[in-house]
Amino acid sequence: MKIGILKETQKGEKRVSLSPNISKQLIAKGFEIIVEEGAGEASSYKNSDYKDAGVLVEKRGVVFKDAHVLLKVNPFDEEDLKLVDKGQVLISQLYHKSNPKLIEAIASKGATAFSLDAMPRISRAQDMDVLSSQNNLAGYKAVILGAYEMTKIFPLMMTAAGTITPSKVLIYGVGVAGLQAIATAKRLGAVVEATDIRTETKEQAESLGAKFISVDNEGEESEGGYAKEASDDYALKQKEAVNKSLFQADLVVTTANIPGRKAPILITEEQVLQMKNGAVIIDLAAAQGGNCEVSKLNKTVVKNGVKVIGTTIAPESVSTNASELFAKNIYNFIIHLTENGAFKWDLEEEITDETLIVKNGKIRKN
Amino acid sequence: MKIGILKETQKGEKRVSLSPNISKQLIAKGFEIIVEEGAGEASSYKNSDYKDAGVLVEKRGVVFKDAHVLLKVNPFDEEDLKLVDKGQVLISQLYHKSNPKLIEAIASKGATAFSLDAMPRISRAQDMDVLSSQNNLAGYKAVILGAYEMTKIFPLMMTAAGTITPSKVLIYGVGVAGLQAIATAKRLGAVVEATDIRTETKEQAESLGAKFISVDNEGEESEGGYAKEASDDYALKQKEAVNKSLFQADLVVTTANIPGRKAPILITEEQVLQMKNGAVIIDLAAAQGGNCEVSKLNKTVVKNGVKVIGTTIAPESVSTNASELFAKNIYNFIIHLTENGAFKWDLEEEITDETLIVKNGKIRKN
Amino acid sequence: MSVLLSVIYLIATVTFVVGLNKLGHPETAKKGNLIAAAGMGLAIIGTIFIHDLQVPIIIYILIGAAILIGSIIGWLIAVKVEMTKMPELVSLFNGFGGASATLIGVVEFSKNVDSTMQATTIVSGIVIGAITFSGSLIAWGKLNGSLKSVIKIPQYNIVNNLVFISIIALAAYMVAIGGYNPLFLYGLLAGGLVYGILFVLPIGGADMPVVISLLNSLTGIAAAITGILYDNMVMLVGGILVGSAGIILTIAMCKAMNRTLSSVIFGSFTATNDISGANKSLGTIKKTNASDAAIMMNYASNVIIVPGYGLAVAQAQHVIHELEEILTTKGVNVKYAIHPVAGRMPGHMNVLLAESNVDYGLLVEMDDINPQFNNTDVVLVVGANDVVNPAAHNDPASPIYGMPILDVENAKHIVVNKRSMNAGYAGIENELFYNSKTAMLFGDAKAALTDLVSELKNM
Amino acid sequence: MSVLLSVIYLIATVTFVVGLNKLGHPETAKKGNLIAAAGMGLAIIGTIFIHDLQVPIIIYILIGAAILIGSIIGWLIAVKVEMTKMPELVSLFNGFGGASATLIGVVEFSKNVDSTMQATTIVSGIVIGAITFSGSLIAWGKLNGSLKSVIKIPQYNIVNNLVFISIIALAAYMVAIGGYNPLFLYGLLAGGLVYGILFVLPIGGADMPVVISLLNSLTGIAAAITGILYDNMVMLVGGILVGSAGIILTIAMCKAMNRTLSSVIFGSFTATNDISGANKSLGTIKKTNASDAAIMMNYASNVIIVPGYGLAVAQAQHVIHELEEILTTKGVNVKYAIHPVAGRMPGHMNVLLAESNVDYGLLVEMDDINPQFNNTDVVLVVGANDVVNPAAHNDPASPIYGMPILDVENAKHIVVNKRSMNAGYAGIENELFYNSKTAMLFGDAKAALTDLVSELKNM
Amino acid sequence: MNQLIEFIRDNIQITYILILSIFVGIEVIKSIPAVLHTPLMSGANALSGVVIVGAILVMLHSDPNDYLALTLGFLAVVLGILNVVGGFAVTHRMLQMFKKKK
Amino acid sequence: MNQLIEFIRDNIQITYILILSIFVGIEVIKSIPAVLHTPLMSGANALSGVVIVGAILVMLHSDPNDYLALTLGFLAVVLGILNVVGGFAVTHRMLQMFKKKK
Ligand SMILES: NC(=O)c1ccc[n+]([C@@H]2O[C@H](COP(=O)([O-])OP(=O)(O)OC[C@H]3O[C@@H](n4cnc5c(N)ncnc54)[C@H](OP(=O)(O)O)[C@@H]3O)[C@@H](O)[C@H]2O)c1
Ligand SMILES: NC(=O)c1ccc[n+]([C@@H]2O[C@H](COP(=O)([O-])OP(=O)(O)OC[C@H]3O[C@@H](n4cnc5c(N)ncnc54)[C@H](OP(=O)(O)O)[C@@H]3O)[C@@H](O)[C@H]2O)c1
Ligand SMILES: NC(=O)c1ccc[n+]([C@@H]2O[C@H](COP(=O)([O-])OP(=O)(O)OC[C@H]3O[C@@H](n4cnc5c(N)ncnc54)[C@H](O)[C@@H]3O)[C@@H](O)[C@H]2O)c1
Ligand SMILES: NC(=O)c1ccc[n+]([C@@H]2O[C@H](COP(=O)([O-])OP(=O)(O)OC[C@H]3O[C@@H](n4cnc5c(N)ncnc54)[C@H](O)[C@@H]3O)[C@@H](O)[C@H]2O)c1
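Protein chains in written order, with this note's numbering: chain A, 1 to 366; chain B, 1 to 366; chain C, 1 to 459; chain D, 1 to 459; chain E, 1 to 102; chain F, 1 to 102.
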């Protein structure tokens with residue numbers, strides 16, 4: 001079975017779906033691997049690194065033609081699909097719930113597609129869960145980015161030239177990214193608060209040293225580890241509970257997502273206007289529409305002295321680690337889907353079932 | 001006595017020499033204060049903030065004309081000096097040892113000048129020591145900048161998608177900035193090593209959790225808390241001792257300075273070429289010529305995959321805190337130099353003696 | 001009594017005190033046992049040979065034979081029996097001591113009832129000895145499983161008290177009338193035996209050690225009473241030592257089990273203190289305490305710590321580092337086994353342990369540490385659950401089936417610290433806790449580890 | 001002896017044991033003292049009134065008068081004297097006890113020398129009592145300052161041993177001949193007195209508490225000997241208790257001072273163990289240990305911790321947080337006073353304490369905390385030096401003159417932890433360490449704080 | 001009560017010995033670690049075998065023709081020595097686990 | 001040596017009492033905190049005043065005309081009671097510092 005690694009085409013993306021190191025491990029398991037020229041460059045993997053690992057380095061067209069399985073980090077786009085053939089298996093993050101057109105296009109090609117972001121949130125799937133591995137890095141980098149953009153420092157310092165009070169950091173959404181953001185901000189000495197719709201996250205946030213802002217929660221249950229969409233009533237209560245902290249915050253990191261939907265708006269423009277001069281908001285949900293009303297993807301918007309940075313670029317900016325982890329996830333996933341180097345899908349099995357979106361041109365999920 | 005706050009003119013500088021808050025304290029002590037329009041803007045102090053503190057907000061020319069004492073963060077430049085009058089007292093960082101021309105210019109004006117960077121390194125002077133207060137912030141921000149620029153994360157993480165090894169950080173120069181850099185990198189979970197010519201810094205570095213790289217040191221003594229210039233022999237030994245760590249480092253922060261001289265070259269181009277692909281060097285000594293051979297002030301140079309960032313911009317980038325601390329230093333200094341709101345200089349006294357560079361047109365130090 | 005014998009008895013008494021004292025510290029306990037044993041040997045030999053009686057040779061032969069037989073049997077039993085059977089053995093031996101006291105009383109009763117004082121000592125010796133004997137046998141039976149269930153006697157309390165009162169009454173009457181009356185004697189004997197049985201029968205097996213300690217204390221008292229009878233100092237002092245030390249020990253044991261003495265004795269009538277979440281069908285769990293766990297680790301060569309989410313919840317990262325440090329200074333080889341999904345976010349354990357400055361070199365990844373559990377003496381699992389759940393290997397129906405776990409089961413001993421028997425993130429039972437190698441150290445991780453550290457410091 | 005008196009004595013003996021036991025724990029010590037005192041009162045009253053002698057009323061009056069006079073004087077002295085004079089008072093009282101024993105011996109020697117046994121007891125009672133008496137008086141003199149210098153006697157060792165041997169010889173001879181001989185008696189008395197003086201005279205003032213404890217133990221033995229003479233149990237047991245407890249206490253006190261008993265007794269001949277860097281001209285420093293410092297803090301209401309560079313060097317940030325936590329749980333109000341230049345970089349203490357998760361709210365800036373030292377019971381200075389150096393206020397010549405410092409001198413007690421008397425960054429002496437309120441807790445900060453924590457845990 | 005007083009009068013020293021022994025027993029055991037509970041109990045059990053001394057005395061004082069007394073005495077000695085030897089041996093084995101490493 | 005043996009023979013119970021008392025004294029004091037050293041020493045000192053009992057006995061047994069004995073006895077009582085009362089009182093004052101707060 002031949003696996004093809006494609007170069008990412010999305011702007012700003014520096015990752016690659018398979019690292020030389022992991023490729024080598026797959027080859028040892030009996031797979032063949034082809035990589036598109038220069039695919040690893042932005043993650044500091046040279047073509048020669050791939051060659052040394054036993055990977056064929058080829059032009060883009062060759063990869064599409066020769067590979068049975070095509071790997072990407074980001075969703076396949078129109079350009080890609082032109083080159084896809086019937087019977088090929090596509091693996092990447094497809095965000096199928098918000099991308100019905102893409103899914104139809106794949107189906108119309110008669111291809112098969114697995115979406116990595118559809119991975120169920122169960123313990124044994126954790127080593128294939130790219131959302132986990134990438135959001136984790138995103139949480140870290142969001143805080144670093146925030147610290148970089150701020151004109152204040154994080155820690156408390158009592159010095160001869162006066163006392164610097166610690167920065168106040170507020171985290172919306174205590175998922176994987178939110179937790180890592182808490183940990184990072186806390187390490188740097190900030191006073192951290194966090195809030196989430198799922199009540200079980202209180203203990204988790206506290207276990208990392210953050211203060212949790214509880215919002216009265218009636219019936220906003222979670223589903224399979226993911227949050228459901230919040231009611232208007234909840235949104236109102238949340239604002240009330242969080243506003244005091246928000247208006248004092250020096251850095252706000254928002255990470256709230258609802259799988260398959262637009263990200264909820266948690267900070268309105270009106271709220272931004274009441275924030276501290278010099279505060280920074282890092283909106284990690286920008287790609288899903290943003291948690292902050294004023295944020296624009298990949299732009300820095302300054303509103304009344306508040307910098308609002310809409311980004312998803314965070315994990316890509318630690319591309320070396322991000323690519324390593326992504327590759328390891330892919331490796332585990334491929335091993336899960338194969339037996340002795342050939343596909344063997346058990347559709348009764350939760351992981352395969354949930355991630356297999358299109359099977360030989362037939363859409364299974366939407 | 002009227003004290004004038006000037007707007008900084010150096011490119012990239014965001015600080016201001018006196019904050020509204022500290023101005024208010026000085027006014028309470030009987031001083032009058034004038035501020036140049038917009039001087040505080042980049043540190044997020046509005047003109048109205050100054051007004052509320054009781055400070056007069058005036059055009060540039062008016063400040064120069066009315067004030068007895070003129071305050072700046074950076075050295076007075078030619079433009080400034082044009083407006084300076086006989087009998088005025090200038091206070092700022094003058095770097096008089098490396099700026100003999102400036103000192104002569106001031107003297108020729110018949111003015112008086114105190115240089116804040118000439119502050120003796122004694123305990124009771126610490127609350128007037130701007131080098132300490134600013135370098136401290138620089139050390140913090142240098143690491144944040146480094147973390148931002150790197151494509152790796154700092155901490156060790158053992159995750160389902162594999163283990164991320166901790167980043168290795170190497171600090172040259174364990175002065176004020178170096179110590180804070182150690183502390184910050186350590187907090188973020190990096191493995192930190194440090195080296196310095198002064199042997200007493202070993203214990204200090206270790207007290208912050210860094211490993212100290214000792215270099216055989218024969219006769220490279222320090223003077224009054226500052227380092228002397230190193231011998232060639234020392235430089236050679238240093239390279240030997242540090243190279244192994246340098247070639248493995250993910251982030252290098254250099255802070256080595258010798259007061260009144262060019263900064264020593266500690267990392268040659270040849271060494272940079274042997275460093276890891278993706279490594280980052282933050283050269284905080286860039287303004288004094290840099291500790292790294294290839295670094296250029298305020299530029300990012302990429303050499304063989306290694307990013308070398310020459311900067312002094314670090315403290316400015318935390319302008320809010322930096323201005324606060326700077327102001328507090330100035331406050332303490334002015335209180336030290338005055339009695340009941342009028343100057344009273346005791347030239348026998350170490351602090352006054354060391355910082356008073358030009359007295360009524362006569363150069364005292366060089 | 002000859003001076004020599006007096007001195008010998010005196011020395012024996014001193015060895016008893018010194019021996020008991022040394023038995024109270026792990027480092028010296030063995031020595032203490034030997035010292036006391038030596039003193040006892042001395043006292044026995046002295047008793048046999050130093051006296052001014054005219055004793056026919058046959059008696060010496062009999063005594064010699066009795067001692068030989070008893071010694072050999074005692075030695076063999078003690079050496080042969082499995083380690084796990086030790087407590088029941090103690091109970092058995094204790095019963096023999098009680099029986100011996102009773103027999104002495106029986107013999108003496110027929111000979112020496114001159115004074116009220118003597119009568120009192122003899123009669124109480126008989127009763128106490130008999131109670132100890134039958135009680136110890138019941139305890140032994142319960143521990144070795146021959147007496148399985150808790151036996152409920154109807155109207156237990158009334159029957160019990162009636163027997164007790166009758167014994168006292170009979171004894172008092174016997175002392176009062178003074179003379180020898182075999183009927184009364186055997187009545188008394190029977191009463192004591194019955195009361196011993198009644199006393200121990202309703203107490204649950206888990207509480208047996210406490211009961212044995214109590215009975216042991218009684219044997220001591222019986223010995224002391226016999227000592228008074230013979231005006232024999234070593235018996236008197238030795239017996240009283242055992243008696244008072246035994247009572248204190250009994251109370252200490254109750255405390256260590258978090259119970260009161262009365263709740264042990266009357267325990268079967270009150271509610272049992274179940275641990276929330278414990279699943280009876282998986283078997284029983286074994287509880288331990290900080291002191292025992294500390295000693296285990298103190299004497300181990302290799303200890304692996306498995307941190308989990310509970311460590312983070314308890315914010316016990318600083319204490320666990322202290323524990324690791326103190327063990328290391330004691331020459332124990334300590335490592336942390338970091339499971340990739342321990343905690344609630346990737347790298348959760350790393351953040352936590354970095355905060356307390358744990359050396360990165362001590363953190364070992366799952367794949368590297370798993371082969372090392374084989375020669376690990378003690379694994380300390382702190383607030384982890386799913387990541388050490390063997391269901392991941394064994395139970396295809398489990399939601400974590402197929403997830404790699406830390407194979408702590410391969411270690412010699414496993415100590416698990418958590419607050420209750422509640423499940424972890426995956427919400428499933430963990431068989432590991434019911435493993436015979438596992439001892440549960442219940443409590444908040446911070447408190448429990450702090451206790452461990454201070455126990456270790458005192459060693 | 002009447003049964004009642006026997007029982008009374010028995011009860012008194014028990015109160016002595018229980019009282020001593022309770023005296024060993026801070027919480028119960030007061031009660032222990034009262035219990036023992038009550039027992040003592042009982043024994044005295046019993047002795048006076050319960051006997052079958054025909055005693056003329058005049059004797060009762062005399063006894064009553066003596067008791068009244070002694071009680072009033074004793075009470076007044078004890079209540080009036082300043083707290084700091086307590087140890088010398090103990091010495092004085094102890095001397096009186098010894099004198100009492102001697103006097104008894106003197107009286108009895110003229111009456112009751114029937115047997116060797118009696119002679120032995122009486123003679124040794126006299127000698128021991130006399131040694132205690134004169135020794136205690138010398139100790140008292142040394143402590144209250146009347147006997148200032150260490151007095152060196154030429155050929156001390158030889159003289160000392162000669163006196164000792166003469167006493168033994170004379171005593172043995174007196175026992176051997178048996179009869180009453182006033183000359184010998186007073187010779188013996190004089191010998192004892194001289195030996196007591198010789199014994200204590202060369203020992204330095206700082207070691208006096210140990211000597212007092214030793215003499216105290218001797219008084220106990222004298223009392224016990226008198227008890228044997230009268231076949232009086234309460235004296236015998238009470239005296240022995242004091243004797244053996246006193247020896248153990250003496251050894252414990254030596255240990256706490258890091259000395260051996262022999263080095264105390266022969267101390268004046270061996271080198272003194274100076275602390276490196278201590279400056280004699282600034283006065284003397286007072287050393288303390290973890291246990292005392294812990295008790296001080298345990299019973300304080302407000303404690304302020306002053307961390308300095310040494311805390312960072314020792315990496316003791318985690319332990320200090322533990323200390324703060326345990327004090328807080330004990331109801332003590334704990335804060336950290338952060339000097340702006342403590343450590344070696346701006347914010348050094350903040351980084352350190354944040355690492356161990358100390359609540360930011362507990363860190364108080366210098367200007368805010370300085371007024372609070374006034375009502376602070378204990379300040380614990382850990383590895384700080386320059387930032388608490390009063391020279392900044394007092395000494396214009398000092399390099400730190402004019403620097404604001406933490407005014408720890410205003411607190412009631414100051415405990416300073418550092419490794420030696422070495423200077424800090426500024427390289428100057430610190431008078432604070434010689435302040436009478438200051439006690440030095442020497443040692444690496446991590447080890448010292450760990451000890452403090454475990455002491456506190458055991459309270 | 002009367003008898004108690006009588007006993008005390010006649011045996012005042014024994015009473016002291018009794019009470020002091022109780023104190024020693026209590027003090028000696030105070031605050032021992034829980035792991036040692038079982039070995040200590042076992043050790044104390046062995047000590048309680050001191051009753052063997054009484055059994056031997058019974059034998060020594062027995063008339064060689066008083067078979068009942070001899071038998072009972074014989075049994076008492078056997079049982080007593082069982083307690084002693086078995087007790088110490090078991091304790092010793094239990095304490096094997098406290099071997100110091102290296 | 002002979003005398004010791006003699007003493008032991010005649011006073012076997014006293015010997016037990018002696019030895020047990022020594023043990024009790026040792027055990028009771030073992031491992032007390034150093035702050036309590038001084039109060040404890042003071043308390044023990046007060047207890048050593050038990051010698052007063054002997055002094056009283058001297059007085060009780062004295063012939064009312066034996067002035068020497070009476071005087072010495074009187075002195076002995078005064079000194080003894082000084083030791084007792086003063087000792088306990090001083091100890092009590094020392095222990096005032098261990099008041100529990102609140
Ligand atoms: N690492 C990740 O990225 C991640 C993310 C999401 C989910 N997960 C899942 O989380 C689980 C992690 O496994 P784990 O073994 O670390 O945790 P776990 O299975 O959740 O078990 C934690 C145990 O700690 C105990 N505990 C809680 N608080 C405690 C305290 N204060 N003191 C002592 N014990 C305490 C709890 O028992 P008591 O209540 O009885 O004390 C609980 O059983 C896995 O199932 C994993 O899949 C991991
Ligand atoms: N904060 C800043 O930015 C900065 C920068 C440069 C200089 N300084 C200067 O540094 C000084 C700071 O004052 P400070 O009071 O914090 O420190 P310090 O005056 O330097 O005193 C520290 C003391 O800690 C003790 N110590 C060292 N290691 C120890 C250990 N392991 N355990 C216990 N004690 C230990 C040392 O005494 P032993 O050797 O006897 O143990 C020493 O006297 C000031 O003079 C300040 O001006 C400050
Ligand atoms: N067991 C496993 O193997 C496994 C693996 C990965 C993740 N997880 C768990 O799954 C959960 C979701 O993780 P994620 O980071 O991918 O989630 P996510 O990215 O979908 O969302 C981030 C967070 O935002 C929160 N959120 C959504 N709407 C909100 C609102 N209106 N207000 C406030 N908060 C809101 C969510 O509750 C979630 O915590 C986490 O608890 C994570 O630990 C489990
Ligand atoms: N006592 C006080 O009041 C006070 C106040 C501020 C600073 N200080 C002390 O003064 C000292 C200097 O501080 P700074 O940060 O301003 O110094 P700096 O900025 O002049 O130099 C930074 C560091 O570079 C080191 N260095 C110079 N040449 C080197 C070489 N060839 N190789 C390696 N290292 C080299 C120096 O030793 C110094 O530690 C520090 O120890 C600081 O703690 C004391």
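In this text, a Cβ means the ideal position worked out from N, Cα and C, and glycines have one as well. What you are looking at is a predicted structure, and each value in this text was computed from that prediction instead of being measured.
Original post:
Roughly how many angstroms lie between the CA atoms of residue 227/C and residue 55/E, to the nearest whole one?
Top reply: By 1-based counting over the third sequence, the position of residue 227/C is 227. By 1-based counting over the fifth sequence, the position of residue 55/E is 55. Looking at the two C-alpha atoms, the distance is approximately 11 Å.
Original post:
Three-state secondary structure (DSSP) at residue 18/B?
Top reply: In the second sequence, residue 18/B corresponds to position 18, counting from 1. Coil at residue 18/B, not helix or strand.
**OP:** Work out the CA separation of residue 168/C and residue 10/C for me, nearest whole Å.
**Re:** The count along the third sequence starts at 1 and reaches residue 10/C at position 10. The count along the third sequence starts at 1 and reaches residue 168/C at position 168. Taking the straight line joining both Cα atoms gives about 34 Å.
Original post:
Considering only residues of the same chain and omitting the five flanking positions on each side of residue 216/B, which have a CB-CB separation below 7 Å?
Top reply: As a first step, residue 216/B is located in the second sequence; it is residue number 216 there, counting from the start. Only 237 meet the Cβ criterion.
Subject >> residue 7/A in three-state terms, based on DSSP >> reply: Taking the first sequence and counting its residues from 1, the one referred to as residue 7/A is at position 7. The answer is coil: DSSP assigns residue 7/A none of H, G, I, E or B.
**OP:** Return the residue from the list 93/A, 4/A, 76/A that minimises the CA-CA distance to residue 62/A.
**Re:** Counting from one through the first sequence, the residue named residue 62/A turns up at place 62. Comparing Cα-Cα distances from residue 62/A to each of 93/A, 4/A, 76/A, the minimum goes to 4/A.
Original post:
Using the beta-carbon count (16 or more within 10 Å), is residue 371/D buried or exposed?
Top reply: The count along the fourth sequence starts at 1 and reaches residue 371/D at position 371. Its Cβ having fewer than 16 others within 10 Å, residue 371/D is exposed.
Subject >> Reference residue 188/A; option with closest CA among 204/A, 163/A, 156/A, 202/A >> reply: As a first step, residue 188/A must be located in the first sequence, where it is residue number 188. Measuring from the Cα of residue 188/A, the nearest candidate turns out to be 156/A.
Original post:
Exposed or buried, which one is residue 355/D when buried takes at least 16 other CB atoms within 10 Å?
Top reply: For this step, residue 355/D is matched to residue 355 along the fourth sequence. Classified as buried, residue 355/D has 16 or more neighbouring CB atoms from the shown chains inside 10 Å of its CB.
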